[in-house]
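Q: In the numbering used here, the protein residues as written are 215 to 463. Heads up, the beta-carbon is just placed ideally off N, CA and C, and yes, glycines get one too. One structure, as structure tokens, below. Some questions next.
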Amino acid sequence: MSNMDSIDLNCDMGEGLSNDADLMPFISSANIACGYHAGNIKTMKRNVEAALQYHVAIGAHPGYDDKINFGRTEILLPQKALYSLVSAQIISLYKICIEKKVGLHHVKPHGALYNMAAKDAETANTIAQAIKDIDENLILYGLSGSYLISEANKLNIKTVSEVFADRTYQDDGSLTSRKEKNALIESEDHSIQQVLQMIQQQTVTTVSGNQINIVAETVCIHGDGKYAVAFAKKINQTLKQNNIEIKAI
């Protein structure tokens with residue numbers, strides 16, 4: 215067991231599902247969709263208010279402008295267009311936070327944009343630069359061991375290394391593509407086991423059975439998962455039973 219006695223639990227929200235309010239009591243950070251891959255001003259405001267109510271840290275969740283594919287299809291953009299895409303989304307949530315007198319805490323890219331930035335240094339750098347130009351105190355949530363973390367660190371942006379409760383891993387530390395049938399973890403026991411291993415041992419068992427090292431500072435639960443609320447509740451309870459405090463970074 216590492217000496218880590220606290221962990222951040224984050225969830226992607228505001229994506230048009232009805233379970234946002236049900237998830238809030240069990241998490242410590244919310245990544246709120248900013249209207250491009252999902253959501254709108256109304257859902258953003260509603261989630262900011264709910265996060266305030268439950269003392270949950272508020273993050274922007276920018277994605278590709280592609281509601282049809284829920285932001286899960288890669289779109290190759292020039293870096294300048296990518297910079298504008300990310301900036302516009304962060305700013306729209308930032309304005310709502312100012313209006314509600316609450317701070318914006320972090321930024322976590324969504325879906326295909328997240329996966330692309332994890333493996334492409336230039337994309338990661340553009341996202342980090344957009345964040346820095348808006349507010350250099352914003353924290354970037356990125357895949358553990360990926361370019362999202364290393365490029366942001368080069369720009370002196372604070373980072374939080376993210377791991378996933380409901381996704382399987384490849385040997386190189388990447389997430390299994392959603393195109394593969396074993397990409398999602400739908401068993402509560404498997405999910406709990408993976409979360410505890412990631413937090414306590416800072417390792418994860420890959421689909422091929424290998425154990426690889428990861429840095430687990432925040433654990434993601436997908437709000438659109440079939441059992442999202444049940445998973446969130448169970449993970450929350452299990453962490454507390456193991457004397458692991460749930461709190462934002």
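Should R381 and G325 be called a contact, given that it needs their Cβ atoms to be closer than 8 Å?
A: Sequence index remark: in the sequence shown, residue 381 carries index 167 (1-based). Sequence index remark: in the sequence shown, residue 325 carries index 111 (1-based). By the CB criterion at 8 Å, R381 and G325 fall outside the cutoff.
Q: Kindly indicate which residue of S220, H251, N339 and I341 has the alpha-carbon position closest to the one of M227.
A: On the sequence shown, position 13 is the one that residue 227 refers to. Nearest option by C-alpha distance: H251.
Q: DSSP state of L354, grouped into three classes?
A: Your numbering for residue 354 matches position 140 in the sequence shown. DSSP places L354 in strand when its eight states are reduced to three.
Q: Among all the DSSP beta bridges, which residues are the ones paired with M238?
A: Residue mapping note: residue 238 aligns to position 24 of the sequence shown, counting from 1. In DSSP, M238 forms no bridge with anything.
Q: Assuming contact is defined by CB atoms lying nearer than 8 Å, are N450 and I460 in contact in what I supplied?
A: In the sequence shown, the residue the question calls residue 450 occupies position 236. In the sequence shown, the residue the question calls residue 460 occupies position 246. It is a contact, given that the beta carbons lie within the stated cut-off.
Q: According to the neighbour-count rule (16 or more other Cβ atoms, all chains shown, within 10 Å of its Cβ), is D234 buried or exposed?
A: Indexing the sequence shown from 1 puts residue 234 at position 20. Buried is the call here.
Q: Jot down the residue ranges of each uninterrupted beta strand (DSSP E) in the region 252-312, minimum 3 residues, whole runs only, in chain order.
A: DSSP runs (the beta strand (DSSP E)) wholly in the region 252-312: 271-275.
Q: Just the C-alpha distance for I426 and T417, rounded to the nearest angstrom, thanks.
A: Along the sequence shown, one-based indexing puts residue 426 at 212. Along the sequence shown, one-based indexing puts residue 417 at 203. Computed Cα separation, rounded: 5 Å.
Q: Pull up the CB-CB distance for N245 and C225, whole angstroms please, since I reckon it's below 8 Å.
A: Your numbering for residue 245 matches position 31 in the sequence shown. Your numbering for residue 225 matches position 11 in the sequence shown. N245 to C225, Cβ: 7 Å. Contact.
Q: Just reading off the alpha helix (DSSP H) that D403 is part of, what are its end residues?
A: The residue you call residue 403 lines up with position 189 of the sequence shown. Where D403 is concerned, the enclosing alpha helix (DSSP H) stretches over E402 to Q415.
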